[in-house]
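Residue numbers for the sequence shown, in mature numbering (1 follows the signal peptide of the UniProt record, and there is no 0): -21 to -1, 1 to 131.
Quick reminder that beta carbons are idealized off the backbone N, C-alpha and C, glycines included.
A short worksheet on the structure shown next.
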Amino acid sequence: MPRLTRLGLGAAATAATLALASCGPAQIGSGGIPQGEYVLVGMDGGTVPLRNVTLVVDGSQISGRGPCNSYSTQNNANLPALELSPIVSTKMHCKDAPLENRFFSVLQTANEMEFYGGVLKVKSPQTWLIFEHGHRADEVQVSAVESARGAP
């Protein structure tokens, strides 16, 4: 088994550090809401069956992907307040359309965001949308070890 040299070990540690750093929100935006990509984990008081709905906070732009469609909207208020323009989405249909339609309905009426303990909550008069920082489950992620080895 090959021995890791100090240089090789240092490169692996650097790659691991960079990979972990990319897991957290990039920067704290206005209203204390971290910018970046989140994945939906809860809605209507329950857990979401698949991690296949994302929300990207990028300044006043809100976008993401559902199980069927990508979407975007503009926030016309200052975070953490929300006053969203009509959501624009692609119009594809899939078996998870009921979940996506419910998500869009709740998001469209959302009026506030809250970030605490690594969890992003989007509040609407109907319910809360609960997000964790991350990516869709179907997106391929490269581990720090694979990155250090140069594997795809």
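Which residues share a DSSP beta bridge with residue i?
| i | result |
| --- | --- |
| His112 | Tyr17 |
| Leu63 | Asn54 |
| Ser68 | Tyr50 |
| Gly43 | Tyr50 |
| Phe94 | Leu99 |
I'd like to know whether the C-beta atoms of residue i and residue j end up nearer to each other than 8 Å.
| i | j | result |
| --- | --- | --- |
| Val32 | Pro13 | no |
| Ile109 | Gly21 | yes |
| Ser68 | Ser49 | yes |
| Glu111 | Gly97 | yes |
| Phe94 | Gly24 | no |
Rank the options by C-alpha distance to the C-alpha of residue i and give the top, closest one.
| i | options | result |
| --- | --- | --- |
| Gln105 | Phe82, Tyr50, Val98, Asn55 | Phe82 |
| Asp75 | Asn55, Leu34, Gln53, Arg44 | Arg44 |
| Ala116 | Gly11, Tyr17, Gly10 | Tyr17 |
| Val27 | Glu79, Lys102, Phe94 | Glu79 |
| Asn55 | Arg30, Asn90, Leu29, Pro77 | Asn90 |
| Asn57 | Met71, Pro77, Lys70, Val36 | Val36 |
Taking the C-alpha atoms as reference points, what is the distance between residue i and residue j?
| i | j | result |
| --- | --- | --- |
| Pro4 | Ile66 | Below a pLDDT of 50, predicted positions are generally treated as unreliable, and Pro4, at 41, falls in that range; no measurement from the model is reported. |
| residue 161 | Ser103 | Outside the displayed span of the chain (-21 to 131) sits residue 161, for which this structure offers no information. |
| Val101 | Cys73 | 25 Å |
| residue 135 | Pro77 | There is no way to answer for residue 135, as the model of the chain reaches only from -21 to 131. |
| Trp107 | Met92 | 9 Å |
| Leu29 | Lys70 | 21 Å |
| Cys2 | Gly113 | Because Cys2 sits at a pLDDT of 47, beneath the cut-off of 50, its placement in the model cannot be relied upon, and the point is left open. |
| Ser42 | Gln53 | 8 Å |
| Ser51 | Leu99 | 18 Å |
Is the segment 81 to 89 touching the segment 57 to 68 in the sense that three or more CB pairs, one from each, lie closer than 8 Å? Counting Cβ pairs under 8 Å, three or more are found: they touch.
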